Each structure stands twice: as structure tokens, then as C-alpha cells.
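In this note's numbering, the protein residues as written are 14 to 191.
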């Protein structure tokens, strides 16, 4: 008799426990509005930076700039007529300086010193990582980068401001193919 009562009790609990699970509703319904306004704000900031970069291109008459597929401008002086461009996995050593778009020096080559890294394998700012791919050993490139390739919305808390597009001059000192 106790077994029947226990069995009936268990079946009642199972029967009462089986019902459709109701999904939780989001707590913040305004998140889509925030994301849309953030996207609009970012697009307008990028458009404003592109105008500044194009103005810097016009001011710098001694360099002929090309557009990269990633949205920055570059001009390369090929000094050794070497056609081997840096690519993923290559070991490179670079010398570089950073200027604002009006060519005011922010950080010179002596302050920054040479940097050695493996292309696309190490954490380094995107400006250097992407810029070096347009260079072969001995080349000097001048790059006009939007802020998201450089120091972004934070800047560097010293000479580089928030969302500041920059002009990098990069010399590829050495290139070792992987």
C-alpha cells in the first residue's frame, strides 16, 4: 500500500512539473536603440577622419598615395628594387616615427627604437601590422591611418589624443621569410 501511495505521489509531482518553459524577457529593451546610435556615431566619426586623411594627402604633394583595401592611404619608396613583400609569419624589424596629419612629430625614431615582430603572429598595433605588409626590405612607407588602426578612442594618454588619425613613416630594416 505504501508503495502505491509513493508511486502515485511521484507521478503527481512529475505531472505537475511538466509544463512549457517560458523564456526570460530582456531586462533592457533599449539596447537595440543604443547599438544603432553607436553605429551611426562610429560611421560619422570614420567619415570625418577620412576627410582629414584626404586633406592630409592633398597637403603632402611630395608623396603619391594609394588606397588600401582596409581604408588607409600609403606611399612607398622602393629603395632596393626588391619585390618580396612582408607577409604572415615573416620576421621583420622596423624603424618608425609617428606624426599627426599636419606632419607635426609626436614620436621620433629615437624615442620608439626599432621593433622586431612576426607579421600577424604577435600583438602589435594594427597600423604597424598592416603597414609592413606593403613594404619589402629597405623600403620606406608613409601611411595615413584612421584612428582605429592606431590608438583608437583611448589615445596613448600622452601625445596622441582620442580618435586621432595619424601619419606613420615606417622603414623595413630587415625581412626574414618564414
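Note that beta-carbon positions come from the ideal geometry of N, C-alpha and C, so glycine has one too.
A quick note: this is a predicted structure, and the numbers were derived from the prediction, not measured.
_Start-to-end residues for the alpha helix (DSSP H) that takes in residue 144_ = For the purposes of this step, residue 144 is taken as residue 131 along the chain shown, with counting starting at 1. Where residue 144 is concerned, the enclosing alpha helix (DSSP H) stretches over 139–144.
*Check the C-beta distance from residue 120 over to residue 172 and give it rounded, since I have them as a contact under 8 Å.*
Within the chain shown, the letter at position 107 stands for residue 120. Within the chain shown, the letter at position 159 stands for residue 172. About 7 Å; that satisfies the 8 Å criterion.
*Does DSSP put residue 160 in a helix, a strand or coil?*
On the chain shown, residue 160 is found 147 positions in, with the first residue counted as 1. Helix.
_Burial state of residue 178, where buried means 16 or more other Cβ atoms lie within 10 Å_ = Along the chain shown, one-based indexing puts residue 178 at 165. Residue 178 is buried by the Cβ-count criterion.
_Neighbour-count burial assignment, residue 71, 16 or more Cβ in a 10 Å radius_ = Your numbering for residue 71 matches position 58 in the chain shown. Exposed is the call here.
*Determine, using beta carbons only, whether residue 149 and residue 188 come nearer to each other than 8 Å.*
Here residue 149 is taken as the residue at index 136 of the chain shown, counted from 1. Here residue 188 is taken as the residue at index 175 of the chain shown, counted from 1. In contact: residue 149 and residue 188 (Cβ atoms closer than 8 Å).
*Looking at C-alpha atoms only, which residue of 160, 159 and 132 is the closest neighbour of residue 147?*
If you number the chain shown from 1, residue 147 lands on position 134. Looking at the Cα atoms, 132 is the closest of the given residues.
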